[in-house]
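Input: a single structure, listed below in structure tokens.
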Amino acid sequence: MGNERVQKKLFGTNGVRGVIGKDMTPDLVMRIGKALGTMRKGRIAVGRDTRTSGEALACAVSAGLMATGCDVVDCGILPTPALQYIVRDHFDAGAMITASHNPPEYNGVKIIEPDGTEMGDEETLQLEEILFSGSFKTVPWDGVGGKKSEPNLRETYIDAIVDYFPPGIGAGMTVVVDPGSGPAAETTPQILSRLGCTVHTINGQMDGRFPGRLPEPSPEGLAPLAEMVRETGAAFGVAHDGDADRAVFIDNLGRYVEENREFGLIEDFICKNTGGLVVTPVSTSLIAGEVAKETGCAVEFTPVGSIYVARRMRELIASGNPVAFGGEGNGGLIYPEHQFCRDGGMTAAMMVGLLHAAGAPLTDLLDAMPTYHIIKEKLRTEHAASVVEYLKTRYAGEEIDCRDGVRINRKGAWALVRPSGTEPMMRVIIEAEDEKTSTAFFTEIMNGIKASAPDIASHK
Ligand code: MG
């Protein structure tokens, strides 16, 4: 395992998620706690995002952990990367109660390993096996664990990010932060302010009803942030998803920064200073490769999912291959010198460092980057696996990458067709240097898909 995607029963690529009261209940989460406590002993950190159901599920996972003899430390509300950072230095494992970017009625659990990474496939399959077979190792009365609260541990995460940069690097820079009523309301504004920035916030009060916008930081949801950036003359606006492992940006003119361009911009900044590999999923834009080439680096692809990126980065470094940077083209960026997980707070700080070094407005930096045309489509079919097999045969004469679905690489263009890990769906992404090429490539791929999956339907 390791560099291939594995089908699991309950867990997706980033933990378990579901609708509260329907498929996500305290009963299920307590069983997850018992399964985790059966696998990992010692002190376990529990954290949560701001969702209304967070406290109930945090109590449930804690009960399961204590019943299997673990001691629980309740870290309260904090971003997922903050919990990951804390677990790496102080705990034997972690459980984060979050549904990331999903709407307010969702919640879920991400399991954090002792090294701060999200639980990988092999261990998750083991955890599912314990969960479904009910083979929990609960302990007798004198072995049950205890629980205490340490809500201030997130400060160590804030300190780590601030200390990464030279003091006062943000002096003279105005920024607007939109934590989306999520846990970064108590981290990102503090980080940027301690870097010397003048910080304004919008949706800056924690609120699990998400009154200002949904947890997914979409261009539509960030329109008020964009307006505030223009009104305040800010250098940029930054917004997070529901658990702040991702960060997306608004430039100084109030334009949404497409996340692949964000990736390329930060990649350029890091690769100019640090040589090595850039690790990213097969779904990332050609921009990643262009920037790597210009800065003397190279890209290595992984299956789609931040855990595959993080683990590959760690593996490469362990085997003596320098890795400069990694992450996904959705604002989930990983800095190996800091920690092996996506970190929205670090990404916000990195933008300050980048603009300080560039001495130019964000808009100018973005306009200097190459542009590509991307088409994305989500399709419903029961035959996703046979579509992929069909395309592998059909394009066998071309350069193909079968790490996750099938990616067909051409000069200046690529197409990716990959089945969903959790639903009868498949995703298609096409990217090319111009719209005409991407549209023609898309039509060609769709004809191939229709030929191999008669039930295909567009999913809106
Ligand atoms: Mg997230």
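The sequence shown begins at 751 in this note's numbering and counts up one residue at a time.
Virtual Cβ for every residue (Gly too), placed ideally from N, Cα, C.
Can you check DSSP and say which residues form a bridge with G768?
DSSP, once it has assigned bridges, lists N857 as partnering G768.
From F1181 to T1030, what distance separates their C-alpha atoms?
Checking the displayed sequence, the identity of residue 1181 turns out to be Glu instead of Phe. Taking the Cα positions, E1181 is about 16 Å away from T1030.
Among T867, A1108, V823, the one whose alpha carbon lies nearest that of A1118
Looking only at T867, A1108, V823, the smallest Cα-Cα distance to A1118 is reached by A1108.
Throw me the rounded Cβ distance for the G1082 and D995 pair, which I believe falls under 8 Å.
That pair is a contact at about 6 Å.
Assuming Y907 is part of the alpha helix (DSSP H), what are its boundary residues?
It spans 904 to 914 - the alpha helix (DSSP H) in which Y907 sits, taken as one unbroken run.
Bridge partner(s) assigned by DSSP for N1159
Beta-bridge pairing links N1159 to E1149, W1164.
For R798, is the beta carbon positioned less than 8 Å from some heavy atom of the ligand MG?
No; taking the cut-off as 8 Å, the Cβ of R798 has no heavy atom of the ligand MG nearer than that.
Please determine, among R767, E981, V1073, R980, the residue with the shortest C-alpha to C-alpha distance to H851.
Ranking the options by Cα distance to H851, first place goes to R767.
Between I1179, D1154, G1171, T775, which has its C-alpha nearest A1165's C-alpha?
The candidate whose alpha carbon is nearest that of A1165 is I1179.
Which residue wins for smallest C-alpha separation from R798, given the options G1070, L828, S1069?
Closest option to R798, Cα to Cα, is L828.
What did DSSP end up calling S1233 once you bin it into helix, strand or coil?
As displayed, the chain neither begins before 751 nor continues past 1210, which places residue 1233 out of reach and without an answer.
Might you give, ordered along the chain, the residues of its own chain that have their beta carbon closer than 7 Å to the beta carbon of T818, omitting 5 neighbours on each side?
Setting aside the 5 residues that flank it on each side, T818 is surrounded in the same chain by K784, G787, T788, F886, K887, T888, V889, each with a C-beta closer than 7 Å to its C-beta; the list follows chain order.
Is the beta carbon of T802 less than 9 Å from the beta carbon of D993?
For T802 and D993, no; Cβs fall outside 9 Å.
Assigned secondary structure, Y1085 (DSSP; H/G/I helix, E/B strand, else coil):
Y1085 carries a strand assignment under DSSP once its states are collapsed to helix, strand and coil.
When you compare only the Cα positions, how much space is there between R1017 and G804?
According to the sequence displayed, residue 1017 carries Glu and not Arg. E1017 and G804: Cα-Cα distance of roughly 34 Å.
Pick from E863, C820, G814, G792: whose alpha carbon is nearest that of G765?
The residue with the shortest Cα to Cα distance from G765 is E863.
Give me the Cα-Cα distance between A985 and T1121, rounded to the nearest whole angstrom.
The straight-line gap from Cα to Cα measures roughly 22 Å.
Can you tell which of G1026, A1060, G971, G1004 has the C-alpha that lies nearest to the C-alpha of V925?
Of the listed residues, the one whose Cα sits closest to V925 is G1004.
Among N1159, L975, R1092, which residue has its Cα nearest to the Cα of N953?
Ranking N1159, L975, R1092 by Cα distance to N953 puts L975 first.
What residue does the beta strand (DSSP E) around E1181 start on, and which one ends it?
Here the beta strand (DSSP E) through E1181 covers 1175 to 1182.
In angstroms with no decimal places, state the Cα-to-Cα distance between N753 and S1069.
Interpretation of N753 is limited by its pLDDT of 49, a score under 50 that renders its predicted location unreliable; the figure taken from the coordinates is listed afterwards. Rounded to whole angstroms, the gap between the alpha carbons of N753 and S1069 is 15 Å.
S812 to V988, Cα distance in whole Å?
Looking at the two C-alpha atoms, the distance is approximately 33 Å.
Using the beta-carbon count (16 or more within 10 Å), is A1190 buried or exposed?
With fewer than 16 other Cβ atoms within 10 Å, it is exposed.
As an exercise, report each continuous beta strand (DSSP E) stretch of at least 3 residues that is fully enclosed by the stretch 1023 to 1106, in chain order.
Listed in chain order, the complete beta strand (DSSP E) runs (minimum 3 residues) inside the stretch 1023 to 1106 are 1027 to 1031, 1048 to 1052, 1073 to 1077, 1083 to 1085, 1089 to 1092.
Which residue marks the beginning of the alpha helix (DSSP H) containing K1186, and which one marks its end?
Note, K1186: alpha helix (DSSP H), 1185 to 1202.
Bridge partners of V949, per DSSP?
The partner list for V949 (beta bridge, DSSP) reads V925.
Please tell me whether, using a cut-off of 8 Å, the distance from the CB of R996 to the nearest non-hydrogen atom of the ligand MG is below it.
For the ligand MG, at least one heavy atom lies less than 8 Å from the Cβ of R996.
Between G958 and the ligand MG, is there a pair consisting of the residue's CB and a ligand heavy atom that are separated by less than 8 Å?
Incorrect: G958 has no Cβ contact closer than 8 Å to the ligand MG.
When you compare the stretch 966 to 975 with the stretch 931 to 950, are there three or more beta-carbon pairs, one atom per stretch, that lie closer than 8 Å?
Short answer: they don't touch.
Considering only C-alpha positions, which residue in the set G844, Y835, D839 is nearest to D824?
Checking every option, the nearest Cα to that of D824 belongs to G844.
Mark S1033 as exposed unless 16 or more other C-beta atoms lie within 10 angstroms of its C-beta, in which case mark it buried.
Using a 10 angstroms sphere on the CB of S1033, the tally of other CB atoms reaches 16 or more, which defines it as buried.
If you drop the 5 nearest sequence neighbours on each side, which residues of the same chain put their C-beta closer than 6 Å to that of K1154?
First, the amino acid is wrong: residue 1154 is Asp here, not Lys. Excluding residues up to 5 positions away in sequence, R755, V1032, P1053, V1054, R1168 lie with their Cβ nearer than 6 Å to the Cβ of D1154 in the same chain.
Consult DSSP for F986 and reduce its assignment to one of helix, strand or coil.
For F986, the secondary structure class from DSSP, reduced to helix, strand or coil, is strand.
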